[in-house]
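Take 19 as the starting number for the sequence shown in the working numbering and just add one per residue.
Where a beta carbon is used, it is the ideal one built from N, C-alpha and C, also for glycine.
As the structure is a computational prediction, the values presented were derived from the model and not from experiment.
These notes are about the structure you will find just below.
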Amino acid sequence: MRPVIVEAREPDGATIAICRDVAAAALALPDEVALRLSDALAGEGVKIIDLSSAQRTRDEIHYGLPELFGPPPAGTSVVSNPGCYPTATLLALVPLLRAGLIEPAVSVVGCSGTSGAGKALREDLHFSELFGNFFPYKVGQHKHSAEIALHLGAEVSLVTQVVPVVRGLAVTAFVRTEHEPAALLACLQQAYAEAPWVTVLPEPGEGLGVRHVVGTHQAVLAVGPRKDGGVVPVFGAIDNLMRGAASQALHNLNLWLDLPAHLGLPEPMGHVPDGTPGMSRAFA
Ligand SMILES: NC(=O)c1ccc[n+]([C@@H]2O[C@H](COP(=O)([O-])OP(=O)(O)OC[C@H]3O[C@@H](n4cnc5c(N)ncnc54)[C@H](OP(=O)(O)O)[C@@H]3O)[C@@H](O)[C@H]2O)c1
19 MRPVIVEARE PDGATIAICR DVAAAALALP DEVALRLSDA LAGEGVKIID
69 LSSAQRTRDE IHYGLPELFG PPPAGTSVVS NPGCYPTATL LALVPLLRAG
119 LIEPAVSVVG CSGTSGAGKA LREDLHFSEL FGNFFPYKVG QHKHSAEIAL
169 HLGAEVSLVT QVVPVVRGLA VTAFVRTEHE PAALLACLQQ AYAEAPWVTV
219 LPEPGEGLGV RHVVGTHQAV LAVGPRKDGG VVPVFGAIDN LMRGAASQAL
269 HNLNLWLDLP AHLGLPEPMG HVPDGTPGMS RAFA
């Protein structure tokens, strides 16, 4: 392997990274730092998985959601790892749009645990502030709106809420369709028939509980009934730190390096979860 030495420096001159003999690197860093290191390392031939949002809406960069966009094509130097809300939303909606079953304008309500905000201390995320509470945040300004809209090819209205759990994320997308919900469900079941880390529930309920997915790479999806207005809810649940970040990066890297797709990943769920989930693997 060609030796690689990259030094990226802060404005005050402090060294923040030195890499040697690196084939691939996953960058879990703030956007601007990730972009700087990505440019430096990719320029040295290192394969980059960027977990930040810095490159997710750049046309020339492969968007790494394997079930929907496949492995990185030959010649790829940077893979942009999708955001957490986009992962759950796109897995739930892209097959429906590709099949022409829903209109290209959707409303999405997403709920995420506190780890979605990173590790920095924040008063509103203190246990005594958030316990027994939840509230919307970044309404109309969440950077995941543009990311979802671009990769979905649809108009998106996104409202995000922070809820008093540490990890786990759930989205409900409200879609307009002339078709019966059963047709949407069949479409998702067919789209993910060969996808071991995507589970399509026969109906929404406790199986969507985030504890089922925390500590796993699994995405759990479901389609709800149509009520009077003709709007159908479509659901998705993931672990924001795994399928929404780290395990998705590993999944992409496995495909990119032509390794077995499951290497280093948790076992696929292998069954349809039902009932109120017990303590997750991550905390068992
Ligand atoms: N949290 C999620 O659910 C999630 C999901 C998907 C994607 N992401 C994205 O992934 C990235 C990391 O998220 P996170 O939640 O892990 O954030 P985080 O908890 O705030 O961690 C950021 C990390 O970046 C390091 N860092 C910050 N400034 C740096 C600098 N100038 N040079 C070198 N290292 C620096 C920090 O190092 P120190 O330990 O030294 O402070 C820390 O380890 C972000 O871009 C985020 O948007 C997060």
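Give me the DSSP bridge partner(s) of residue i.
i, result
"D68", "L45, S98"
"T190", "V127, F253"
"A240", "F253"
"Y155", "T178"
"E285", "DSSP, once it has assigned bridges, lists no residue as partnering E285."
"E224", "Answer by DSSP bridge pairing: none, since E224 is not bridged."
Helix, strand or coil, according to DSSP, for residue i in the structure here?
i, result
"V112", "helix"
"Y81", "strand"
"A302", "Below a pLDDT of 50, predicted positions are generally treated as unreliable, and A302, at 38, falls in that range; no measurement from the model is reported."
"V290", "coil"
"T217", "strand"
"E147", "helix"
"E212", "coil"
"E141", "helix"
"K50", "Checking the sequence shown, residue 50 turns out to be Glu, not Lys. The answer is helix: DSSP assigns E50 an H, G or I state."
"E121", "coil"
"E173", "strand"
"L271", "helix"
"R135", "The sequence shown places Ala at residue 135, not Arg. Here A135 sits in helix by DSSP."
"L168", "helix"
"D57", "helix"
"G296", "coil"
"T107", "helix"
"L206", "helix"
What's the gap between the Cα of residue i and the Cα of residue j?
i, j, result
"A309", "G63", "This structure does not reach residue 309, given that the chain is present from 19 up to 302, and the question cannot be answered."
"G134", "D257", "10 angstroms"
"C205", "H280", "25 angstroms"
"Y210", "Q236", "12 angstroms"
"V216", "N151", "30 angstroms"
"V174", "A123", "6 angstroms"
"F301", "Q207", "Caution is warranted here: a pLDDT of 48 is assigned to F301, below 50, making its placement in the model unreliable, and the coordinate value is therefore given only provisionally. If I take the Cα positions, the gap works out to 30 angstroms."
"V184", "G131", "5 angstroms"
"E212", "A264", "22 angstroms"
"R54", "A200", "47 angstroms"
"L203", "G242", "9 angstroms"
"D49", "V112", "26 angstroms"
"P90", "V181", "34 angstroms"
"G88", "Q266", "12 angstroms"
"T190", "D39", "44 angstroms"
"V193", "S71", "26 angstroms"
"P222", "N272", "32 angstroms"
"G136", "V249", "34 angstroms"
"P286", "L219", "15 angstroms"
"F145", "A117", "44 angstroms"
"L86", "L109", "7 angstroms"
"G288", "A106", "19 angstroms"
"D276", "Q73", "23 angstroms"
Measuring alpha carbon to alpha carbon, tell me which residue in the options is nearest residue i.
i, options, result
"L309", "G254, G293, N151", "Any question about residue 309 goes unanswered here, given that the chain covers just 19 to 302."
"N270", "N99, L148, R38", "N99"
"G225", "G128, V290, E285", "V290"
"D68", "T195, D292, S95", "S95"
"H230", "T294, A43, C129", "T294"
"L148", "Q179, G61, T195, G82", "Q179"
"K245", "L268, L219, E198", "E198"
"A155", "A167, D142, S146", "The displayed chain sequence assigns Tyr, not Ala, to residue 155. Taking only the C-alpha atoms, the option nearest Y155 is D142."
"L168", "H80, A138, L277, T75", "T75"
"H160", "T195, P104, E196, A172", "P104"
"V157", "C129, D30, L83", "C129"
"D292", "A138, H162, V228, F153", "V228"
Quick one: measure Cβ to Cβ for residue i and residue j, integer angstroms, because I've assumed they're closer than 8 angstroms.
i, j, result
"M260", "G296", "The pair is not a contact, with the Cβ atoms about 18 angstroms apart (cut-off 8 angstroms)."
"C37", "G262", "Not really, about 25 angstroms apart at Cβ, beyond 8 angstroms."
"L119", "L170", "Their Cβ separation, rounded to whole angstroms, is 13 angstroms, which puts L119 and L170 out of contact at 8 angstroms."
"V126", "L176", "5 angstroms"
"K65", "A41", "6 angstroms"
Using only the heavy atoms of ligand 3, determine whether one of them is closer than 7 angstroms to the beta carbon of residue i.
i, result
"V51", "Within the structure as shown, ligand 3 is missing, the only ligands being ligand 1."
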